[in-house]
Every structure is written in C-alpha cells, then in structure tokens.
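Adding 752 to a residue's 1-based position in the sequence shown gives its number in the numbering used here.
Every residue gets a Cβ at the ideal spot worked out from N, C-alpha and C, and that includes glycine.
None of these values were measured; they are calculated from a predicted model.
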Amino acid sequence: MFALDKNIKLPDSPDTIIWKYLDLSKFVDLLLYQKLFMSRSDKFEDQYEGTFSEPTYEEIKKLAVDNPNFLDFYKTRRKNVVISSWHINEYESFAMWQIFTQKNEGLAIQSTLGRLQKALEKDREFEQLIGEVNYI
C-alpha cells in the first residue's frame, strides 16, 4: 500500500507527469501479471544506488553506537528494498531510452504521480513509498 513519509520529498502536484522506460519483456510481464517489476536495491550495478548519502550514513552510524545490531540491520535491509525507477519530465527523454531499454526494443509509459499512487493503494501486502531521488 502506498504510504506517505514526511522525510521523503514528493512533487507538489499529483498531476506531475512521470515516465517509466522498460524493455519489451518487462512490459509483457506487466500486462500478463498486472504487477510492476521491481529491482532489488542490492543488485544494481552502481553500489551506491538505493543507499543513503555519506552524511546520512554517518548519522546512522552514530545511532548504531547504542545499538550495534542497527548497523547490521541497515546493511541487510538493502536485500529487502525494491525499486521501480520513474522519470519526472513533461516530455520523453532520449537519455532514459538509452539507459532503460535494450537493443532498441522498449517502450515508455506516461502517467502521473497521482495515478501511480492510486495504483499502489491496491497492493496491501507491502508498504510502498514514492519519493524524488537526489543524485550527488
């Protein structure tokens, strides 16, 4: 189920246009199973993808002083976090086509933030968060 978190920044409007770029096989899976593919955050090529920034990680380490198991929890947590990347833009992006589709076989889904939030409300099994990612 979609949940709000005061610490996660969202665009101001539910009408914000978002794009999902995916290859043909993931689109077929979406149609067949009516579920959006999610990637485990510990399986990304970039080891920093899906992690905290260095200052945030340093704050987490301070919290772990009183609870040594907390740092282990953070490290193993990445295996349980899954991500579906969307792109905020009024128009489609050539760069996103290059990154998220293979062999010129893919497509882009255009939606809005509000429609994605509403679609996630149907899944009551997992808490799902949406937020903007800041790349450093």
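| Query | Result |
| --- | --- |
| The region 782 to 789 in contact with the region 801 to 808 per 3-pair CB rule at 8 Å | no |
| Residue ranges of each alpha helix (DSSP H) within the region 821 to 871, 4 or longer | 846 to 852 |
| Per DSSP, cross-strand counterpart(s) of residue 781 | In DSSP, residue 781 forms no bridge with anything. |
| C-alpha gap between residue 821 and residue 798, whole angstroms | 26 Å |
| Length of the line joining the Cα atoms of residue 876 and residue 848 | 30 Å |
| Own chain, CB closer than 7 Å to residue 775, minus 5 neighbours either side, in chain order | 853, 854, 857 and 858 |
| As assigned by DSSP and simplified to three states, the class of residue 774 | strand |
| With 16 other Cβ atoms within 10 Å as the buried cut-off, status of residue 891 | This structure cannot speak to residue 891, because the chain is shown only from 753 to 888. |
| Inter-stretch contact (C-beta, 8 Å, three-pair minimum) for the region 818 to 835 and the region 756 to 772 | no |
| Local Cβ density within 10 Å of residue 827, reported as buried at 16 or more and exposed below that | exposed |
| Residue of 880, 777, 861 and 867 minimising C-alpha distance to residue 767 | 867 |
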